[in-house]
Amino acid sequence: MKSFKLIMFFFILLSSFSGYSGERGYFVFVWGDDISKKTFIEYRENSNEYIKNKECWAKRYGDGISIAYVNLVPNGINIELVNRALSGDASSISQIQYILKNYRDDQITHGFDGMLIMKENNNMMSVLSIPLYGSLNKVQQEYKANINKYEFIDKLLCESLSPFDRHFIP
Numbered sequence: 408m409k410s411f412k413l414i415m416f417f418f419i420l421l422s423s424f425s426g427y428s429g430e431r432g433y434f435v436f437v438w439g440d441d442i443s444k445k446t447f448i449e450y451r452e453n454s455n456e457y458i459k460n461k462e463c464w465a466k467r468y469g470d471g472i473s474i475a476y477v478n479l480v481p482n483g484i485n486i487e488l489v490n491r492a493l494s495g496d497a498s499s500i501s502q503i504q505y506i507l508k509n510y511r512d513d514q515i516t517h518g519f520d521g522m523l524i525m526k527e528n529n530n531m532m533s534v535l536s537i538p539l540y541g542s543l544n545k546v547q548q549e550y551k552a553n554i555n556k557y558e559f560i561d562k563l564l565c566e567s568l569s570p571f572d573r574h575f576i577p
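Residue numbering for the sequence shown follows this note's numbering, beginning at 408 and increasing consecutively.
Written out as structure tokens, the structure reads:
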């Protein structure tokens, strides 16, 4: 009887591991001008080819970006609110975080993990992230002509998602 219980225990243990499908990726809302949004969409369409920053992504709690809303804007977020948040207004940042945390639809059942604000200008690109908790985080780098633009974006996105990890729940 003991051996039967032991076998059943190992069977249950093994079957529970096989049902595990891995970590989920981040759910993000992306804000930016048309050029930045287009660049992000192009990156997403080909991201498997450009993910070279495996060391950076290995440090993130999420498994890349699973869901990114680029054209759908959550109710309550508008240009005025974003501009106030960008100027450092704490109540605007909190309002955006509240909207993102409480967003629900068919794909997102527990809210976004945060917001990415992208800006591309000449050879500079910046990604400002607003995690659900905490303050703004800005990552900005100059794009070098000798590297692939999408590898560059991949690195920026990975670095900008680090503040999301503090409260990320897979």
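Heads up, the beta-carbon is just placed ideally off N, CA and C, and yes, glycines get one too.
Through-space distance from F571 to T463, alpha-carbon basis:
The residue you asked about is not Thr; residue 463 is Cys in the sequence shown. C-alpha separation (whole angstroms): 14 Å.
Spatial neighbours of G495 in its chain, beta-carbon cut-off 8 Å, leaving aside the 5 residues before and after
L543
Contact defined as beta carbons within less than 8 Å: I believe F434 pairs with D520. What is the distance between those atoms, to the nearest angstrom?
Confirmed, about 5 Å.
Between which residues of its own chain and F575 is the CB-CB distance below 7 Å, once the five residues before and five after are set aside?
Excluding residues within five positions, the ones whose Cβ falls inside 7 Å are Y468, G469 and D520.
Where S443 and Y505 are concerned, what is the direct C-alpha to C-alpha distance, given to the nearest angstrom?
25 Å
In the DSSP assignment, the alpha helix (DSSP H) including Q548 goes from what residue to what residue?
Counting along the chain, Q548 sits inside no alpha helix (DSSP H); it lies in the beta strand (DSSP E) bounded by residues N544 to E549.
C-beta atoms of I503 and I474 nearer than 9 Å
no
Report buried or exposed for S567, applying the criterion of at least 16 other Cβ atoms within 10 angstroms of its Cβ.
buried
Residue ranges of each alpha helix (DSSP H) within the segment 459-511, 4 or longer:
461-466, 486-493 and 497-508
Look at L488 and L535 and say whether their C-beta atoms are less than 9 Å apart.
no
Please identify the residue among I448, L523, M522 and V546 whose C-alpha is closest to the C-alpha of S533.
V546
How is P538 classed by DSSP in three states: helix, strand or coil?
P538 falls in the strand class under three-state DSSP.
Classify D440 as buried or exposed, calling it buried when 16 or more other Cβ atoms lie within 10 Å of its own Cβ.
exposed
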